[in-house]
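Asks:
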Amino acid sequence: MLATDIREGVYTVGDALPSERDLMDEFGVSRLTVREATAALESKGLIETRPGTRARVCGPRPDFLLGMLSEAAAFHLGEPGGLRSFMEIRGIVETGVARIAAERITDDQIEGLRSELGRNREAVGDMAEFGRTDVEFHSAIARIVQNPIVDGFFIAVDEWLREVRRTSLLNDGQMETAYAAHMRIFAALELRDPDRAAAEMREHLGQLSRIYPPTPVEPTAVEPSRKEAP
């Protein structure tokens, strides 16, 4: 009812919804039904309510959307095969991001990314700082795309990505390996070469997947032992 009207533009962002009585009359429902419907819309971030005023359309709030993504990410990571799925999704998203970034990157963004790369180089040998600058390097690439859904992906899986980095950096020489990959990615972006940027990012994430602890394999069913025939 109301959700459809909002999606179709009957009520736009900032509009006040009709009063409870008007909604009851319009849809032929009880006050309880109207309140349940508005509560559901508010939980989805489509409207906001304040005491003493009518509910207003606010559109999906970024904090609400990101919160939902974060909860979904946390849930699926705990499911069998969840880690493998997210590693695949990360590869798809970040490879695509690198390709688009190479097409759109400006001179100022190249210099900003160069600074991020420099901080990453200086952090080699310091696991915590390297992990932080690693995050910043990848985030800086994502920001070049200027796509809120891409930003939402990175925020939603932020804790998981940090855990991946913490675990992978325990491997000897991984900081040097990761920094070298970052240099190659930066070089491709500086040249504004989409194919090379995507390939370098794919190789970087592939290397990470190979050293990260694999997802536990679910036990396969074992047939009950049978007694040998006499």
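One point on numbering: in the numbering used here, the residue at position 228 of the sequence shown is 215, and numbering is uninterrupted.
We treat Cβ as the ideally placed atom computed from N, Cα and C, and that holds for glycine.
Name the one or two DSSP bridge partners that ALA3 has.
Replies: Position 16 of the sequence shown, counted from the first residue, corresponds to residue 3. Answer by DSSP bridge pairing, in chain order: ARG43.
Asks: Please state whether the Cβ-Cβ distance between MET114 and ARG149 is less than 9 Å.
Replies: Within the sequence shown, the letter at position 127 stands for residue 114. Within the sequence shown, the letter at position 162 stands for residue 149. Cβ distance not < 9 Å, so MET114 and ARG149 don't count as in contact.
Asks: Using a Cβ-Cβ cutoff of less than 8 Å, which residues in the same chain neighbour LEU28 once the five nearest sequence positions on both sides are dropped?
Replies: By one-based count along the sequence shown, residue 28 stands at place 41. Cβ neighbours of LEU28 beyond the five flanking positions: LEU(-11), ALA(-10), ILE(-7), ILE34, ALA42.
Asks: Going by CA-CA distance only, name the one from PHE173, VAL0, ALA26 that's closest to VAL44.
Replies: For the purposes of this step, residue 44 is identified with residue 57 of the sequence shown, where counting begins at 1. Measuring from the Cα of VAL44, the nearest candidate turns out to be VAL0.
Asks: Here's the rule: buried if 16 or more other CB atoms are within 10 angstroms of the residue's CB, otherwise exposed. What is ARG77?
Replies: Here residue 77 refers to the residue found at position 90 when the sequence shown is read from its first residue. Buried, since its Cβ has 16 or more Cβ neighbours within 10 Å.
Asks: Look at the alpha carbon of LEU192 and the alpha carbon of GLU98, and state the distance between them as a whole number of angstroms.
Replies: Mapped onto the sequence shown, residue 192 falls at position 205. Mapped onto the sequence shown, residue 98 falls at position 111. Distance between LEU192 and GLU98, taken at the CA atoms: about 24 Å.
Asks: When you compare the CB positions of ILE128 and LEU178, do they come within less than 9 Å of one another, or not?
Replies: By one-based count along the sequence shown, residue 128 stands at place 141. By one-based count along the sequence shown, residue 178 stands at place 191. At a Cβ-Cβ threshold of 9 Å, ILE128 and LEU178 do not count as neighbours.
Asks: What residues in its chain sit with their C-beta under 6 Å from that of SER196, if we drop five residues either side in the sequence?
Replies: As a first step, residue 196 must be located in the sequence shown, where it is residue number 209. Excluding sequence neighbours, SER196 sits near MET74.
Asks: Where DSSP assigns a beta bridge to GLU35, which residues make up the other side?
Replies: Looking up residue 35 in the sequence shown gives position 48. GLU35 pairs with ARG43.
Asks: Can you tell me where the alpha helix (DSSP H) with VAL122 in it begins and where it stops?
Replies: Position 135 of the sequence shown, counted from the first residue, corresponds to residue 122. According to the DSSP assignment, VAL122 belongs to the alpha helix (DSSP H) that extends over 114 to 132.
Asks: Measure from the alpha carbon of GLY118 to the alpha carbon of each residue in ALA165, SER102, VAL16, then state which is nearest.
Replies: Here residue 118 refers to the residue found at position 131 of the sequence shown. Of the candidates ALA165, SER102, VAL16, the one whose C-alpha sits nearest the C-alpha of GLY118 is ALA165.
Asks: Of the choices VAL16, PHE141, GLU103, whose alpha-carbon is the least far from that of GLU123?
Replies: If you number the sequence shown from 1, residue 123 lands on position 136. When each option's Cα is compared against that of GLU123, the closest is GLU103.
Asks: Does DSSP put ASP180 in a helix, a strand or coil?
Replies: Taking the sequence shown and counting its residues from 1, the one referred to as residue 180 is at position 193. DSSP places ASP180 in coil when its eight states are reduced to three.
Asks: Compare the Cα-Cα distances from ASP138 to each of VAL(-3), THR120, ALA89, VAL84 and report the closest residue.
Replies: Stepping through the sequence shown from its first residue, residue 138 is reached at position 151. The option with the nearest alpha carbon to ASP138 is VAL84.
Asks: For TYR(-2), which residues of its own chain have a beta-carbon under 6 Å away from its beta-carbon, when the five flanking residues on both sides are left out?
Replies: On the sequence shown, residue -2 is found 11 positions in, with the first residue counted as 1. Correct list, in chain order: ASP(-8), VAL44.
Asks: Along the chain, where does the alpha helix (DSSP H) containing LEU19 start, and where does it finish?
Replies: Position 32 of the sequence shown, counting from 1, holds the residue named residue 19. First-last of the alpha helix (DSSP H) with LEU19: 18 to 30.
Asks: Establish whether the CB of GLU90 and some CB of chain B are separated by less than 9 Å.
Replies: Structure shown: chain B not included; a single protein chain is present.
Asks: Can you find the residues in the same chain that come closer than 8 Å, C-beta to C-beta, to GLU163, ignoring five residues on each side of it along the sequence?
Replies: If you number the sequence shown from 1, residue 163 lands on position 176. So the list reads VAL111, once near-sequence residues are dropped.
Asks: Are the Cβ atoms of ALA88 and ILE131 separated by less than 9 Å?
Replies: Taking the sequence shown and counting its residues from 1, the one referred to as residue 88 is at position 101. Taking the sequence shown and counting its residues from 1, the one referred to as residue 131 is at position 144. Against a cut-off of 9 Å, the Cβ pair of ILE131 and ALA88 comes out as a contact.
Asks: To the nearest angstrom, report how far apart ARG101 and THR93 are at their CA atoms.
Replies: In the sequence shown, residue 101 corresponds to position 114, counting from 1. In the sequence shown, residue 93 corresponds to position 106, counting from 1. Near 12 Å, if we compare the C-alpha coordinates of THR93 and ARG101.
Asks: Can you name, in chain order, every residue of its own chain whose Cβ lies under 7 Å from the Cβ of THR36, other than the five neighbours on each side?
Replies: Translated into the one-based positions of the sequence shown, residue 36 becomes position 49. If we look at THR36 and ignore the five residues flanking it on each side, its Cβ neighbours are THR25, GLU29, ALA42.
Asks: Can the beta-carbon of THR82 be found closer than 9 Å to that of ARG189?
Replies: Counted from its first residue, the sequence shown places residue 82 at position 95. Counted from its first residue, the sequence shown places residue 189 at position 202. Result yes, Cβ atoms of THR82 and ARG189 sit closer than 9 Å.
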